[in-house]
Structures are given as structure tokens and as C-alpha cells.
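Visitor:
Protein chains in written order, with this note's numbering: chain A, 522 to 634; chain B, 13 to 126.
(1) How big is the Cα-Cα spacing for residue 59 (chain B) and residue 542 (chain A)?
(2) How close, in whole Å, do the beta carbons of residue 612 (chain A) and residue 557 (chain A) come, if the pair is a contact with beta carbons under 8 angstroms?
(3) Quick one: which unbroken alpha helix (DSSP H) runs of 4-plus residues sit fully inside the segment 571-606 of chain A? Chain order, please.
(4) If you check the beta carbons only, do residue 27 (chain B) and residue 95 (chain B) fall under 7 angstroms apart?
(5) Given a cut-off of 7 angstroms, decide if residue 594 (chain A) and residue 601 (chain A) are closer than it, judged by their beta-carbon atoms.
(6) Determine the extent of the beta strand (DSSP E) in which residue 81 (chain B) is found, giving its start and end residues.
(7) Using a Cβ cut-off of 9 angstroms, which residues of the segment 52-77 of chain B contact any Cβ in chain A, in chain order?
(8) From A:535, A:634 and A:624, pick the residue whose C-alpha is nearest to that of residue 527 (chain A); which is it?
(9) Could you tell me if residue 24 (chain B) is buried or exposed, where buried requires 16 or more neighbouring beta carbons within 10 angstroms of its beta carbon?
(10) Excluding five sequence neighbours on each side, which residues of the same chain lie with their C-beta closer than 8 angstroms to the C-beta of residue 571 (chain A)?
(11) Name the chain B residues that come within less than 7 angstroms of residue 563 (chain A), Cβ to Cβ?
(12) Under 8 angstroms by Cβ, that's how I've got residue 121 (chain B) and residue 44 (chain B) pegged, so tell me the actual separation to the nearest angstrom.
(13) What is the rounded straight-line gap between the Cα of residue 546 (chain A) and the Cα of residue 590 (chain A)?
(14) Quick one: grab the DSSP three-state call for residue 542 (chain A).
(15) Distance check for residue 31 (chain B) and residue 74 (chain B), CA to CA, integer angstroms please.
(16) I want to verify the contact list: residues of chain A whose CB lies under 7 angstroms from the CB of residue 103 (chain B), in sequence order.
(17) Can you grab the Cα-Cα spacing for the pair residue 568 (chain A) / residue 106 (chain B), in whole Å?
(18) State the DSSP-derived secondary structure class of residue 96 (chain B), mapped to helix, strand or coil.
(19) Taking 7 angstroms as the cut-off, decide whether the C-beta atoms of residue 577 (chain A) and residue 607 (chain A) are in contact.
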């Protein structure tokens, strides 16, 4: 499985953009990058995913480098409710159907006033 | 859409007792996953089903753990007998198999084994 590397923690001021980096240098050509977050005591929440193009949805933007070895999740205007652990995951498609998400330790994002 | 439903939300039991956790996936999804989260080991995949068939149970810790999916709308994870080290939060997730089958997680069951 392609492994990911994320900083253990980051701080961000409320209202500012939060840029969360992720390295996935061993990613294969057909493997997607997924981002989830987990707010304390809740189930992981899907944020966004991408293959090689940049993606944007109502929650965030995902910037993937041209060589696909790293990506950045951008929360354009962070709020206190965005305080959570953010997981960058390279999704592996399994024989027999389905996919596998291997969660690392993620980045603890703390949004402060 | 109701999302993934898990029950109970909290379970406290004594060592040696049987514990059954339940999951109802999102309607129309055909893949179901059971995860366990602890402080020591983080979030780890226990087993996953595709079209009600167990595909990979390599993450199941030992024979005390078993999972079933009798139909597309229901799955159980059973621990018998339970031990204190089984205390964790257990999450169920579901997805629709396809090119970008995103997994959606339930709220989890917090299990405490005394």
C-alpha cells in the first residue's frame, strides 16, 4: 500500500486558509488520494478525493502535484468547527471488489480565534 | 438519507460476555466495512464485505471476533467472549463499488469491557 506522511499537528487562525500537506511518493498511477477528517468522538467524515487533477467542492480544495507525489488540502476559510484530525489516504482497490483505506495518524488541525 | 446507522452507540459489558454490534449501511451501497479505533493502534480495518460476501477478514484480531452480513441492509460484529483489551470505538462504513467508491462512516459504537 502507498504510504502517506503528514505533519502531526498544525494551527490556523479562524477565517484564514488552512493548508494541510501530504506526501505520498510511492503512489501508483491508478490510486486515488482521499481526505477524511475526524472531529472528536465522531466517525470519519469524507472531505474530497482526486486522481491527478485539482478538485474543489463545498468543503475544500485538493491540489495534487504534477508528479502526484504530494498533495495539499485547502480549507479556504477555517472556522472553529474545522478543528479535527485530518487524514490523507491513498485508496487501494482490492481484488474481489471494494476498496481499502489505510488510516495513518493524520494531522491534528487546531483552529483558534 | 439517513446515513450509516450503528447500534448501540455505547456498550458496557463484563469480561467474558458476548457482545453484538449492529450496522445498517446506506441504502443501495454494496460494500460494508468494520473498523476499530483505539488510542494505541489508531483506526484499523477489521473486515469488509462486498455484495454481502466477506472479502478480506485479515484484520480480525482473533477467533473471538466474527462478522456476518445476512443481507444488503444489515451486518453484525460479534465478540465472544469479550476481553478488556477489546475496549474501543467500532465504526461501520459503507460504499457503492465503482471507480471512486467513497466510504461513508457511521457514528460508531463505544465498547467498554470491564
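For every residue, glycine included, the Cβ atom is placed at its ideal position computed from N, Cα and C.
Guide: On the basis of the coordinates in this document:
(1) Counting from one through the second chain, the residue named residue 59 (chain B) turns up at place 47. Counting from one through the first chain, the residue named residue 542 (chain A) turns up at place 21. So the alpha carbons of these two residues sit roughly 29 angstroms apart.
(2) In the first chain, residue 612 (chain A) corresponds to position 91, counting from 1. In the first chain, residue 557 (chain A) corresponds to position 36, counting from 1. The pair is not a contact, with the Cβ atoms about 11 angstroms apart (cut-off 8 angstroms).
(3) Runs of the alpha helix (DSSP H) spanning 4 or more residues and lying entirely within the segment 571-606 of chain A do not occur at all.
(4) Position 15 of the second chain, counted from the first residue, corresponds to residue 27 (chain B). Position 83 of the second chain, counted from the first residue, corresponds to residue 95 (chain B). Going by C-beta atoms, residue 27 (chain B) is nearer than 7 angstroms to residue 95 (chain B).
(5) Counting from one through the first chain, the residue named residue 601 (chain A) turns up at place 80. Counting from one through the first chain, the residue named residue 594 (chain A) turns up at place 73. The criterion of a C-beta distance shorter than 7 angstroms is not satisfied by residue 601 (chain A) and residue 594 (chain A).
(6) In the second chain, the residue the question calls residue 81 (chain B) occupies position 69. That run of the beta strand (DSSP E) goes 77-83.
(7) Considering only beta carbons, the part of the segment 52-77 of chain B lying closer than 9 angstroms to chain A consists of 54, 55, 56, 57, 60, 61, 62, 63, 65, 67 and 68, in chain order.
(8) Counted from its first residue, the first chain places residue 527 (chain A) at position 6. Closest option to residue 527 (chain A), Cα to Cα, is A:624.
(9) By 1-based counting over the second chain, the position of residue 24 (chain B) is 12. By the 10 Å Cβ count, residue 24 (chain B) comes out exposed.
(10) Here residue 571 (chain A) is taken as the residue at index 50 of the first chain, counted from 1. Same-chain partners within the cutoff: 553, 554, 583, 585 and 592.
(11) The sequence position of residue 563 (chain A) within the first chain is 42, counting from 1. Per Cβ cutoff of 7 angstroms: 119.
(12) In the second chain, the residue the question calls residue 121 (chain B) occupies position 109. In the second chain, the residue the question calls residue 44 (chain B) occupies position 32. About 15 angstroms; that fails the 8 angstroms criterion.
(13) Here residue 546 (chain A) refers to the residue found at position 25 of the first chain. Here residue 590 (chain A) refers to the residue found at position 69 of the first chain. Going by the C-alpha atoms only, they are around 4 angstroms apart.
(14) Translated into the one-based positions of the first chain, residue 542 (chain A) becomes position 21. Of the three classes helix, strand and coil, the one that applies to residue 542 (chain A) here is strand, per DSSP.
(15) Position 62 of the second chain holds residue 74 (chain B). Position 19 of the second chain holds residue 31 (chain B). Whole-angstrom Cα-Cα distance: 15 angstroms.
(16) If you number the second chain from 1, residue 103 (chain B) lands on position 91. Result: 564.
(17) As a first step, residue 568 (chain A) is located in the first chain; it is residue number 47 there, counting from the start. As a first step, residue 106 (chain B) is located in the second chain; it is residue number 94 there, counting from the start. For residue 568 (chain A) and residue 106 (chain B), the distance between alpha carbons rounds to 15 angstroms.
(18) Looking up residue 96 (chain B) in the second chain gives position 84. If DSSP states are grouped into helix, strand and coil, residue 96 (chain B) belongs with the helices.
(19) Start at 1 with the first residue of the first chain, and residue 577 (chain A) comes out as number 56. Start at 1 with the first residue of the first chain, and residue 607 (chain A) comes out as number 86. Result no, Cβ atoms of residue 577 (chain A) and residue 607 (chain A) do not sit closer than 7 angstroms.
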